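Anchor point for the sequence shown: position 198 equals 364 in our numbering, and the numbering is continuous, going up by one each time. Each residue gets a CB set at the ideal place from its N, CA and C atoms; glycine is no exception. Nothing here was measured: the structure is a model prediction, and the numbers come from that model.
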Amino acid sequence: MPAEGGPILTVASVTKRFGGLLALDSVSFEVQRGEIFSVIGPNGAGKTTLFSCLVGSVQPTSGSVRFRGEELSGLRNDQVVSRGLVRTHQIVRPFREMTVADNIRVGALYGRSHLRGAKARARVDEVLTRTELAHRATVKAGVLSIGELKRLEIARALATGPEVLCLDEVMGGLNPAEIQQAMVLVRALRDGGLTILMIEHHVHAVAGLSDRLVVLNFGKKIAEGRPAEALHDPAVVAAYLGDDTEVRA
Ligand SMILES: Nc1ncnc2c1ncn2[C@@H]1O[C@H](COP(=O)(O)OP(=O)(O)OP(=O)(O)O)[C@@H](O)[C@H]1O
Ligand SMILES: [Mg+2]
Numbered sequence: 167m168p169a170e171g172g173p174i175l176t177v178a179s180v181t182k183r184f185g186g187l188l189a190l191d192s193v194s195f196e197v198q199r200g201e202i203f204s205v206i207g208p209n210g211a212g213k214t215t216l217f218s219c220l221v222g223s224v225q226p227t228s229g230s231v232r233f234r235g236e237e238l239s240g241l242r243n244d245q246v247v248s249r250g251l252v253r254t255h256q257i258v259r260p261f262r263e264m265t266v267a268d269n270i271r272v273g274a275l276y277g278r279s280h281l282r283g284a285k286a287r288a289r290v291d292e293v294l295t296r297t298e299l300a301h302r303a304t305v306k307a308g309v310l311s312i313g314e315l316k317r318l319e320i321a322r323a324l325a326t327g328p329e330v331l332c333l334d335e336v337m338g339g340l341n342p343a344e345i346q347q348a349m350v351l352v353r354a355l356r357d358g359g360l361t362i363l364m365i366e367h368h369v370h371a372v373a374g375l376s377d378r379l380v381v382l383n384f385g386k387k388i389a390e391g392r393p394a395e396a397l398h399d400p401a402v403v404a405a406y407l408g409d410d411t412e413v414r415a
């Protein structure tokens with residue numbers, strides 16, 4: 167185990183091929199404990215694939231991911247979650263016929279601490295409060311608005327008891343007020359002790375929240391640094407101008 171001050175996550179030369187497509191091309195970076203660390207880049211840049219490689223839902227073709235000093239290569243997603251590294255999905259995946267509270271309970275039961283009974287209920291209540299879903303606890307997930315569904319996606323991940331939370335476009339499709347609410351939530355989660363990795367297209371949120379970020383384009387890291395510098399890097403500006411997706415301000 168590394169000293170507490172070392173990086174919590176070390177991504178070293180991670181490459182992922184899907185047949186002939188090089189989705190990730192030797193991507194490396196480190197995330198420090200307590201950071202809000204963003205991963206940005208145009209559509210198809212490899213951002214979601216990177217998160218999939220981190221949490222073991224996809225195995226890298228080569229390279230290494232170390233979490234708190236432990237190599238994660240070869241571990242399944244549930245094994246990675248049980249170590250405290252969890253991601254949300256860009257396309258939300260609630261159990262639509264189950265209530266909001268029961269969706270969250272699944273995370274508590276099968277996550278890191280396998281909570282049962284009163285402990286599971288306490289975790290569900292705590293997460294409902296943190297994600298401002300307490301007033302929706304007993305409704306079926308299928309009736310939630312997109313903003314609520316995104317918060318439920320975060321809630322389900324939180325219920326697993328993570329140390330590192332990877333958020334894949336949790337602000338996608340939200341209106342400005344909901345984005346503001348999501349930004350407050352992300353900051354509160356970090357201030358509560360979590361390390362956050364965040365894939366996000368909303369540049370205002372990226373600039374306002376991130377301590378540091380990496381920029382991917384066609385699977386390669388093209389920039390890294392503090393938002394004020396990295397977002398204005400000429401290679402980053404060119405990558406976005408060459409794509410029909412605007413960096414949404
Ligand atoms: N399971 C898969 N099989 C084959 N190709 C895949 C698979 N998953 C992703 N890809 C391809 O890998 C590339 C990177 O996809 P990825 O979803 O990681 O991009 P992204 O940066 O998350 O994009 P977006 O901003 O649109 O979400 C794309 O060309 C995509 O089509
Ligand atoms: Mg994606």
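ask   = Counting along the chain, where does the alpha helix (DSSP H) carrying Met349 start and finish?
value = Residue 349 sits at position 183 when you count from the first residue of the sequence shown. Counted as a single uninterrupted DSSP element, the alpha helix (DSSP H) harbouring Met349 occupies residues 342-357.
inquiry  = Using the Cβ count rule (16 or more neighbours within 10 Å means buried), how would you classify Ile270?
reply    = Position 104 of the sequence shown, counted from the start, is the residue given in the question as residue 270. Residue burial annotation: Ile270 is buried, with at least 16 other C-beta atoms found within 10 angstroms of its C-beta.
query = Fully enclosed by the segment 193-229, which beta strand (DSSP E) runs are 3 residues long or longer?
reply = Qualifying beta strand (DSSP E) stretches, in chain order: 202-206.
task = Can you check DSSP and say which residues form a bridge with Asn383?
result = Against the sequence shown, residue 383 aligns to sequence position 217. Paired residue(s): Lys386.
inquiry  = Per the DSSP calculation, Ala178 is bridged to which residue(s)?
reply    = Along the sequence shown, one-based indexing puts residue 178 at 12. Ala178 is bridged by DSSP to Ser230.
inquiry  = Suppose contacts are defined by Cβ-Cβ distances below 8 Å. Is Ser230 in contact with Glu236 by that definition?
reply    = The residue you call residue 230 lines up with position 64 of the sequence shown. The residue you call residue 236 lines up with position 70 of the sequence shown. No, these two residues do not count as a Cβ contact at 8 Å.
ask   = Per the contact definition of three or more C-beta pairs closer than 8 Å, is the segment 357-376 in contact with the segment 177-190?
value = Under the Cβ criterion (8 Å, minimum of three pairs), the segment 177-190 does not count as touching the segment 357-376.
ask   = How many angstroms separate the CA atom of Met264 from the CA atom of Thr181?
value = Reading the sequence shown from its first residue, position 98 is the one you call residue 264. Reading the sequence shown from its first residue, position 15 is the one you call residue 181. Going by the C-alpha atoms only, they are around 38 Å apart.
message = Please state whether the Cβ-Cβ distance between Ser248 and Arg278 is less than 8 Å.
response = Along the sequence shown, one-based indexing puts residue 248 at 82. Along the sequence shown, one-based indexing puts residue 278 at 112. Yes, Cβ-Cβ distance for Ser248 and Arg278 is below 8 Å.
ask   = How about Ser228 and Ser194: are their beta carbons less than 8 Å apart?
value = Residue mapping note: residue 228 aligns to position 62 of the sequence shown, counting from 1. Residue mapping note: residue 194 aligns to position 28 of the sequence shown, counting from 1. No, these two residues do not count as a Cβ contact at 8 Å.
request  = Measure the beta-carbon distance from Leu382 to Lys213 and round it to whole angstroms, keeping in mind my assumption that it falls under 8 Å.
outcome  = Residue numbering aside, residue 382 sits at position 216 when the sequence shown is read from its first letter. Residue numbering aside, residue 213 sits at position 47 when the sequence shown is read from its first letter. At roughly 6 Å, the Cβ-Cβ gap stays under 8 Å, so Leu382 and Lys213 are in contact.
inquiry  = Check whether the segment 332-340 and the segment 309-320 touch, using three or more Cβ-Cβ pairs below 8 Å as the test.
reply    = These segments touch.
message = Residues in the same chain with beta-carbon distance under 8 Å from Glu412, minus the five sequence neighbours each way, listed in chain order, please.
response = Counted from its first residue, the sequence shown places residue 412 at position 246. Model confidence at Glu412 stands at a pLDDT of 49, short of 50, so the residue's coordinates are unreliable; what they give is reported in the following sentence. Take Glu412, set aside five residues on each side of it, and the residues of its chain with a beta-carbon closer than 8 Å to its own are Tyr406, in chain order.
inquiry  = Can you give me the C-alpha to C-alpha distance between Val402 and Val197, rounded to a whole angstrom?
reply    = Locating residue 402 in the sequence shown gives position 236, counting from the first residue. Locating residue 197 in the sequence shown gives position 31, counting from the first residue. If you draw a straight line from the Cα of Val402 to the Cα of Val197, it comes to about 20 Å.
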